[in-house]
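Engineer: Residue numbers (full-length UniProt numbering): 1 to 415.
We put the beta carbon where it would ideally sit given N, CA and C, even for glycine.
The structure under discussion is supplied below as structure tokens; questions concerning it will follow.
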């Protein structure tokens with residue numbers, strides 16, 4: 001009885017152990033199967049994460065492509081373009097004359113410039129014009145009281161009276177001689193007196209002319225008072241006449257200039273002398289009128305070189321009928337030479353700086369593209385375009401700064 005109990009207990013223990021082992025094996029197999037098959041939701045999450053982090057080769061995400069497009073182009077509506085004043089022009093090559101650009105100053109045309117002074121000393125009794133006034137030829141500018149002129153006027157008046165009396169005597173003597181009332185000797189004496197009176201009057205008239213008072217009578221101002229007159233029509237650009245002061249022949253009372261044409265005085269370097277010819281067209285620009293050109297031509301090239309600066313003087317004559325060009329203004333003179341090339345030209349307003357690089361905006365389908373360009377020589381208010389744009393492309397010529405501001409605003413918003 002004791003033995004049976006022992007073996008029974010032993011068998012029961014072995015059965016329990018075997019069942020435990022079988023149960024453990026089944027659990028491990030289920031766990032392995034679960035890991036090998038995987039959780040569908042977890043697998044989808046991992047695949048989504050993997051796809052987001054590692055896009056397929058050769059492809060980029062949609063947001064990246066869209067951002068790149070915005071950086072290259074700007075899209076504006078017709079209303080926005082009109083509000084910004086955007087104008088577009090097609091680029092084409094054109095013939096460009098080579099030019100020499102030099103700095104210059106504006107001076108009066110010396111062929112129509114005069115300094116007015118009395119020919120004899122006298123005291124200024126009246127000043128009749130002011131600086132800046134326009135005067136006509138022969139217009140009185142000031143009155144001068146001179147003793148010498150008074151003496152000359154008196155002598156002329158006396159000579160004129162004596163000549164008139166001698167003429168009357170001569171006419172009377174001719175009648176008497178014709179009627180044989182007086183002798184020939186008497187007639188010849190009267191005739192000689194008349195010729196002498198004419199000579200005295202002629203001498204007195206020439207003296208008045210030498211003093212600059214010919215044609216001026218002895219009016220109510222007195223025989224010693226005469227007028228200083230304008231030699232030609234022009235403008236009073238300087239006035240030194242002061243009431244009551246003594247006027248001298250070697251001191252100008254007025255400076256008069258006809259400013260309908262002006263001279264642009266400049267200096268040419270030795271290397272440019274052979275390129276500039278008389279009659280060559282020139283374009284003048286001044287800071288007072290930006291964007292405006294004044295056309296003229298070369299009228300003088302000096303034959304003497306300055307030893308120190310190694311330059312020669314040159315002159316451009318420019319019409320100035322409206323008087324906008326003022327004396328002593330600084331100017332730039334672009335003188336055309338014989339050489340010519342073909343190039344594309346852009347207005348200065350079409351070029352803007354983007355990160356220090358000259359840039360223009362080219363119109364493309366659906367918008368505008370900012371494009372870096374290489375520039376050449378400047379020609380007045382235009383610039384030569386060397387590279388960056390091809391002939392036939394449309395470039396913004398007005399409103400480029402508005403496009404630049406919009407482009408910078410878009411970049412800031414994207415960042």
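Output the distance between the C-alpha atoms of residue 49 and residue 354, rounded to the nearest integer angstrom.
Structural biologist: Position 49 of the chain shown, counted from the first residue, corresponds to residue 49. Position 354 of the chain shown, counted from the first residue, corresponds to residue 354. Note that residue 49 scores 42 on pLDDT, short of 50, meaning its location in the model is unreliable and no value can be drawn from it.
Engineer: Is it buried or exposed for residue 290, if we count other Cβ within 10 angstroms and need 16 for buried?
Structural biologist: On the chain shown, residue 290 is found 290 positions in, with the first residue counted as 1. That one is exposed.
Engineer: Can you check which of these residues, 404, 163 and 116, is closest to residue 142 by C-alpha distance?
Structural biologist: On the chain shown, position 142 is the one that residue 142 refers to. The residue with the shortest Cα to Cα distance from residue 142 is 116.
Engineer: What runs of the beta strand (DSSP E), each 3 residues or longer, lie entirely inside the region 122-205?
Structural biologist: DSSP runs (the beta strand (DSSP E)) wholly in the region 122-205: 122-127 and 140-145.
Engineer: Less than 9 Å between the C-beta atoms of residue 264 and residue 315, yes or no?
Structural biologist: To locate residue 264, count along the chain shown from 1; it is residue 264. To locate residue 315, count along the chain shown from 1; it is residue 315. Yes. Within cutoff.
Engineer: Under a Cβ-count criterion, where at least 16 other Cβ atoms within 10 Å of its own Cβ denotes burial, should residue 330 be classed as buried or exposed?
Structural biologist: For this step, residue 330 is matched to residue 330 along the chain shown. Exposed is the call here.
Engineer: DSSP on residue 313, reduced to helix/strand/coil?
Structural biologist: As a position in the chain shown, residue 313 is number 313, starting the count at 1. Residue state, collapsed to three classes: strand.
Engineer: Put residue 269 into one of helix, strand or coil per three-state DSSP.
Structural biologist: Residue mapping note: residue 269 aligns to position 269 of the chain shown, counting from 1. Strand, per DSSP.
Engineer: Terminal residues of the continuous beta strand (DSSP E) containing residue 89?
Structural biologist: Translated into the one-based positions of the chain shown, residue 89 becomes position 89. Element bounds for residue 89: 87-90.
Engineer: What does a CB cutoff of less than 8 Å around residue 367 pick up in its chain, not counting 5 residues either side in sequence?
Structural biologist: Looking up residue 367 in the chain shown gives position 367. Excluding residues within five positions, the ones whose Cβ falls inside 8 Å are 73, 74, 75 and 76.
Engineer: Taking Cβ to Cβ, would you say residue 88 is nearer than 9 Å to residue 352?
Structural biologist: Here residue 88 corresponds to residue number 88 of the chain shown, with the count starting at 1. Here residue 352 corresponds to residue number 352 of the chain shown, with the count starting at 1. Going by C-beta atoms, residue 88 is not nearer than 9 Å to residue 352.
Engineer: Is the beta carbon of residue 343 sitting closer than 9 Å to the one on residue 282?
Structural biologist: Position 343 of the chain shown holds residue 343. Position 282 of the chain shown holds residue 282. No.
Engineer: Return the Cβ separation of residue 298 and residue 279 in integer angstroms, given the expectation that the two are a contact with Cβ distance under 8 Å.
Structural biologist: Reading the chain shown from its first residue, position 298 is the one you call residue 298. Reading the chain shown from its first residue, position 279 is the one you call residue 279. Indeed they touch by this definition, with Cβ atoms about 6 Å apart.
Engineer: By how many angstroms is the C-alpha of residue 301 removed from the C-alpha of residue 96?
Structural biologist: Residue numbering aside, residue 96 sits at position 96 when the chain shown is read from its first letter. Residue numbering aside, residue 301 sits at position 301 when the chain shown is read from its first letter. If I take the Cα positions, the gap works out to 24 Å.
Engineer: Is the region 193-206 in contact with the region 119-131, if contact means three or more CB pairs nearer than 8 Å?
Structural biologist: Segments in contact, no.
Engineer: Among the residues of its own chain, which have a CB less than 8 Å from the CB of residue 30, if the five just before and after it don't count?
Structural biologist: Position 30 of the chain shown, counted from the start, is the residue given in the question as residue 30. Summary for residue 30: the model assigns pLDDT 46, below 50, so the residue's position carries little reliability; its value from the coordinates is reported in the next sentence. Contacts found: none.
Engineer: Give the list of continuous beta strand (DSSP E) stretches no shorter than 3 residues that lie fully inside the region 355-410.
Structural biologist: Counting only runs of 3 or more, we get 357-364, 367-372, 374-379, 382-387 and 394-398.
Engineer: Taking 9 Å as the threshold (C-beta atoms), are residue 407 and residue 370 in contact?
Structural biologist: Residue numbering aside, residue 370 sits at position 370 when the chain shown is read from its first letter. Residue numbering aside, residue 407 sits at position 407 when the chain shown is read from its first letter. Against a cut-off of 9 Å, the Cβ pair of residue 407 and residue 370 comes out as a contact.
Engineer: Here's a check: name, in chain order, each residue in its chain whose Cβ is nearer than 8 Å to the Cβ of residue 27, leaving out the five neighbours to either side.
Structural biologist: In the chain shown, counting from the first residue as 1, residue 27 sits at position 27. Confidence in residue 27 is poor, its pLDDT being 47 and thus under 50, which makes the residue's placement unreliable; the coordinate value appears in the next sentence. Closer than 8 Å at the Cβ level, and outside the excluded window around residue 27, lies no residue.
Engineer: DSSP puts residue 103 in a beta bridge; with which residues?
Structural biologist: One-based indexing of the chain shown puts residue 103 at position 103. DSSP output for residue 103 lists 332 as bridge partner(s).
Engineer: Taking only three categories from DSSP, how would you classify residue 250?
Structural biologist: Here residue 250 corresponds to residue number 250 of the chain shown, with the count starting at 1. Reduced to three states, the DSSP call for residue 250 is coil.
Engineer: Am I right that residue 312 and residue 268 are in contact with their C-beta atoms under 8 Å? What's the rounded C-beta distance?
Structural biologist: Residue mapping note: residue 312 aligns to position 312 of the chain shown, counting from 1. Residue mapping note: residue 268 aligns to position 268 of the chain shown, counting from 1. Yes, they are in contact, since the Cβ atoms of residue 312 and residue 268 sit about 5 Å apart, within 8 Å.
Engineer: For the beta strand (DSSP E) that contains residue 114, what are its first and last residues?
Structural biologist: One-based indexing of the chain shown puts residue 114 at position 114. Its beta strand (DSSP E) spans residues 113-116.
Engineer: What first and last residue would you give for the beta strand (DSSP E) that runs through residue 227?
Structural biologist: Within the chain shown, residue 227 is the residue found at index 227, counting from 1. Per DSSP, residue 227 belongs to the beta strand (DSSP E) from 225-229.
Engineer: Please tell me whether residue 213 and residue 226 are closer than 9 Å, where the distance is taken between their beta carbons.
Structural biologist: To locate residue 213, count along the chain shown from 1; it is residue 213. To locate residue 226, count along the chain shown from 1; it is residue 226. It is a contact, given that the beta carbons lie within the stated cut-off.
Engineer: Spatial neighbours of residue 242 within its chain, please: CB distance less than 8 Å, with the 5 preceding and 5 following residues excluded, ordered by chain position.
Structural biologist: Within the chain shown, the letter at position 242 stands for residue 242. Only 124 and 127 meet the Cβ criterion.
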